[in-house]
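Asks: Protein chains in written order, with this note's numbering: chain U, 36 to 320; chain W, 4 to 291. Ideal Cβ placement from N, Cα and C applies to all residues, glycine included.
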Amino acid sequence: MAPLPRPAPGGALAFRGLTLGYARHPAVHHLDGTFRPGSLTAVVGPNGAGKSTLLKGIMGEIGPLEGEVVRSGLSRQDIAYLPQAAEIDRAFPISVFDLVAMGLWRRVGPWRSLGRHRGAVEAALAAVGLTGFERRPIGTLSGGQLRRALFARVLLQDARVILLDEPFAAIDARTTDELLALVHGWHGEGRTVVAVLHDLDQVARHFPETLLLAREAVAWGATATALTPENLRRARRLCEAWDEEAPVCRAPAQPHAHGPQDHGSHDHASHDNGPHGRHNHGHAA
Amino acid sequence: MIDLLTAPFVEFAFMRRALAGCVALSVGAAPVGVFLTLRRMSLMSEAMSHAILPGAAVGFLWAGLSLPAMTLGGLVAGLAVAMLSGLVARSTVLREDASLAAFYLISLAGGVLLISARGSSIDLLHILFGTVLALDDDALVLLGGISTVTLIGLAVAYRPLVMECVDPLFLRSVGRASGPVHYAFLALVVLNLVGGFAALGTLLAVGLMLLPAITARFWAVDLSGLLPASVVLALMASVAGLLVSYYASLPTGPAIVLAAGALYLASMLLGPRGGLVWRLIPARHLEA
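1. Taking only three categories from DSSP, how would you classify U:His64?
2. Measuring CA to CA, which of W:Arg287, W:Ile259, W:Leu230, W:Gly198 is closest to W:Ala27?
3. Determine the direct distance from the alpha carbon of W:Ala237 to that of W:Ser252, and round the result to whole angstroms.
4. Which term fits U:Gly154, buried or exposed, when burial requires 16 or more other beta carbons within 10 angstroms of its beta carbon?
5. Can you grab the Cα-Cα spacing for the pair U:Leu191 / U:Leu160, in whole Å?
6. Secondary structure at U:Ser148, three-state DSSP: helix, strand or coil?
7. Taking the beta strand (DSSP E) that W:Trp281 belongs to, which residues open and close that run?
8. Roughly how many whole angstroms lie between the Cα atoms of W:Leu111 and W:His53?
9. Taking buried to mean at least 16 other C-beta atoms within 10 Å of its own C-beta, is U:Ser177 buried or exposed?
10. Is the beta carbon of W:Ala80 less than 7 Å from the beta carbon of W:Ile55?
11. Under the three-state reduction of DSSP, which class applies to W:Gly274: helix, strand or coil?
12. Tell me the DSSP secondary structure of W:Thr151 in three-state form.
13. Run through chain W and tell me which residues come within less than 7 Å of U:Phe127, C-beta to C-beta.
14. Is U:Glu257 near U:Ala77, with beta carbons less than 7 Å apart?
15. Exposed or buried, W:Trp65, counting other C-beta atoms within 10 Å across all chains shown (16 or more means buried)?
16. Against chain U, does W:Leu172 count as a neighbour if the rule is that its beta carbon must be under 7 Å from one of theirs?
17. Tell me whether the beta-carbon of U:Ile129 lies closer than 7 Å to the beta-carbon of U:Ile173.
18. Please confirm whether U:Gly179 and U:Thr210 have their CB atoms less than 7 Å apart.
19. Taking DSSP as the reference, what is the three-state secondary structure of U:Ala249?
20. Is the number of C-beta pairs between the region 143-156 of chain W and the region 186-200 of chain W that are closer than 8 Å three or more?
21. At a Cβ threshold of 7 Å, is W:Ser176 touching chain U?
22. Determine, using beta carbons only, whether U:Tyr57 comes closer than 7 Å to chain W.
23. Please state whether the Cβ-Cβ distance between W:Leu272 and W:Val280 is less than 7 Å.
24. If U:Asn85 and U:Val63 are in contact, beta carbons under 8 Å, what's the gap, nearest whole angstrom?
25. Do W:Gly36 and W:Ala216 count as a contact pair if the criterion is CB distance below 7 Å?
26. Quick check: what's the CA-CA separation for W:Gly224 versus W:Arg276?
27. Could you tell me whether the Cβ of U:Pro99 comes closer than 7 Å to any Cβ of chain W?
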């Protein structure tokens, strides 16, 4: 593990009636709830469930159609984001070291020297198993190696909240295990970690909390209670509808203090499963 | 032999002035070109050089063949097109290349209209092919100023600019530098194109910016090599072009760009980084 100056206390991310979407069609619909400080949450759901959109909304890459993301006390630099398809230009002649060192932006900014932090960069590279790759151009890395490098960059960002969008897609088992160990390390340091994942076994084994998303939150709470077969079926059913002629949503989107079970005007939000709104329980700490 | 190379510059002040102007331009424009090619915006500068034309034309119609007026006009037109297309790209579905294409076509058509309505074809040639052999003090100060501003700008914005090229999403996620850096870079492109337009003309302003930068890819791998290599290549092209135009009585602007083009072709064949000749003698692969 890289030597980090201090364990950053995790930050909370809350959603109040958050609706995100494209061309007025909601991809995330009236989401209420909170990622608690220090929680380790998997975001699960079928394709098109709005998982990546939710992360983009948190980052401010797309603005809400309605509602808001409450980043209480978190500045932009307190949130680290590993996108699903990074916009990285791999043809750009830059070394792995320099790519990873970008994670130091908060500490070095545009002008301060990287010299003092050389050790931290090397430690981050060592933590992801890329020692010796410092001078390699990023264009020569394999997909998995580039993922490792991006994890090292997140490591250096030393952020209070870490958002990972399908971090282990197309990654071999050993690498996945090593990167999962990093995720657990972040969790142990008290950081808030949110990861979009598809491998339910992996979620069950490593993530104490789960948000099952199908545009609405189908379930949000302890993984074991959220990922029931019934919830998964409902999630799949909810995601299939893209209605070009969908009517304007008239449901009230006033901020709710608690869970997603509250907007009863929607027949799609489930009412019968327990974990709704119980994301304030403390079993994951 | 040495005499042949130095005599024109020793004997004639206008050749020395031309050389000084080209040196200033090479030092500033070539590094900007390196970033342009790395961002796959090579053709963007070509479009931008057209966008400058109407501004220069307005300056010309207003004040005659006056460098400050034409430069100022070109600068305003170029910056307006750059900022507008950047703004449209960032706030609508259009990509930057598409919005730039729209604006530069509007701008270019306006420029051609202005010149044909009021000027003669000789004036147009002046604007298109430049006046490198008639650089006065004002022009030299302008070129020197532009390359100074460019080098300072690149030095100040170097790190965020590289980040913006490699991973713009990441730069957006860690701070607010992304937008300002992008616009500052576009402003440097416009600034250098306007400088090039004074020395080489609008049509060829792009030449000294892009050809050395592209050629440098055959000589260096990373930025620490590409930037100096591009400057050296631009200087070589400038000197060669000036000498050829002197001895063969050819127009200077095209001669300089053609010299840069010759360097490009030679480097493509012989350059140590991926030159075609080296493919004929393949080295055996390594063990690991």
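Replies: Put simply:
1. Working through the first sequence from its first residue, we reach residue 64 of chain U at position 29. It is a strand residue.
2. As a working mapping, residue 27 of chain W is identified with position 24 in the second sequence. Looking at the Cα atoms, W:Gly198 is the closest of the given residues.
3. Translated into positions along the second sequence, residue 252 of chain W becomes position 249. Translated into positions along the second sequence, residue 237 of chain W becomes position 234. Cα to Cα, the separation comes out at about 21 Å.
4. Looking up residue 154 of chain U in the first sequence gives position 119. Exposed: under 16 other Cβ atoms inside 10 Å.
5. Looking up residue 191 of chain U in the first sequence gives position 156. Looking up residue 160 of chain U in the first sequence gives position 125. Cα-Cα distance, rounded: 10 Å.
6. Taking the first residue of the first sequence as 1, we reach residue 148 of chain U at position 113. In this structure, U:Ser148 counts as coil in the three-state DSSP scheme.
7. Reading the second sequence from its first residue, position 278 is the one you call residue 281 of chain W. No beta strand (DSSP E) contains W:Trp281, which is instead part of the alpha helix (DSSP H) from 279-283.
8. In the second sequence, counting from the first residue as 1, residue 111 of chain W sits at position 108. In the second sequence, counting from the first residue as 1, residue 53 of chain W sits at position 50. About 6 Å.
9. To locate residue 177 of chain U, count along the first sequence from 1; it is residue 142. With fewer than 16 other Cβ atoms within 10 Å, it is exposed.
10. As a working mapping, residue 80 of chain W is identified with position 77 in the second sequence. As a working mapping, residue 55 of chain W is identified with position 52 in the second sequence. Contact flag set, yes.
11. Along the second sequence, read from residue 1 onward, the residue named residue 274 of chain W stands at position 271. It is coil, neither helix nor strand.
12. Taking the first residue of the second sequence as position 1, residue 151 of chain W is located at position 148. DSSP places W:Thr151 in helix when its eight states are reduced to three.
13. Here residue 127 of chain U refers to the residue found at position 92 of the first sequence. Correct list: Leu41, Cys168, Val169.
14. By 1-based counting over the first sequence, the position of residue 257 of chain U is 222. By 1-based counting over the first sequence, the position of residue 77 of chain U is 42. In the sequence under discussion, the amino acid at residue 257 of chain U is Ala, which differs from the Glu named in the question. Their beta carbons are not under 7 Å apart, which means U:Ala257 does not touch U:Ala77 by this criterion.
15. For the purposes of this step, residue 65 of chain W is taken as the residue at position 62 of the second sequence. The residue in question, W:Trp65, is exposed, as its Cβ has fewer than 16 Cβ neighbours within 10 Å.
16. Taking the second sequence and counting its residues from 1, one reaches residue 172 of chain W at position 169. At least one chain U Cβ lies under 7 Å of W:Leu172.
17. As a position in the first sequence, residue 129 of chain U is number 94, starting the count at 1. As a position in the first sequence, residue 173 of chain U is number 138, starting the count at 1. Yes, the Cβ-Cβ distance between U:Ile129 and U:Ile173 is below 7 Å.
18. What you label residue 179 of chain U is simply residue 144 of the first sequence in a count that begins at 1. What you label residue 210 of chain U is simply residue 175 of the first sequence in a count that begins at 1. In contact: U:Gly179 and U:Thr210 (Cβ atoms closer than 7 Å).
19. As a first step, residue 249 of chain U must be located in the first sequence, where it is residue number 214. It is a strand residue.
20. yes
21. Locating residue 176 of chain W in the second sequence gives position 173, where the first residue counts as 1. For W:Ser176, the answer is yes, since a Cβ of chain U falls inside 7 Å of its Cβ.
22. Residue numbering aside, residue 57 of chain U sits at position 22 when the first sequence is read from its first letter. No, because no Cβ of chain W sits closer than 7 Å to the Cβ of U:Tyr57.
23. One-based indexing of the second sequence puts residue 272 of chain W at position 269. One-based indexing of the second sequence puts residue 280 of chain W at position 277. Yes. Within cutoff.
24. Indexing the first sequence from 1 puts residue 85 of chain U at position 50. Indexing the first sequence from 1 puts residue 63 of chain U at position 28. The question names Asn, yet the displayed sequence has Gly at residue 85 of chain U. Between U:Val63 and U:Gly85 the Cβ distance is about 4 Å, and since that is below 8 Å, they are a contact.
25. Looking up residue 216 of chain W in the second sequence gives position 213. Looking up residue 36 of chain W in the second sequence gives position 33. For W:Ala216 and W:Gly36, yes; Cβs fall inside 7 Å.
26. Counting from one through the second sequence, the residue named residue 224 of chain W turns up at place 221. Counting from one through the second sequence, the residue named residue 276 of chain W turns up at place 273. Looking at the sequence itself, residue 224 of chain W is Val, so the reference to Gly does not match. Approximately 7 Å, taken between the alpha carbons.
27. Here the question's residue 99 of chain U lines up with position 64 in the first sequence. Output row for U:Pro99: interface = no.
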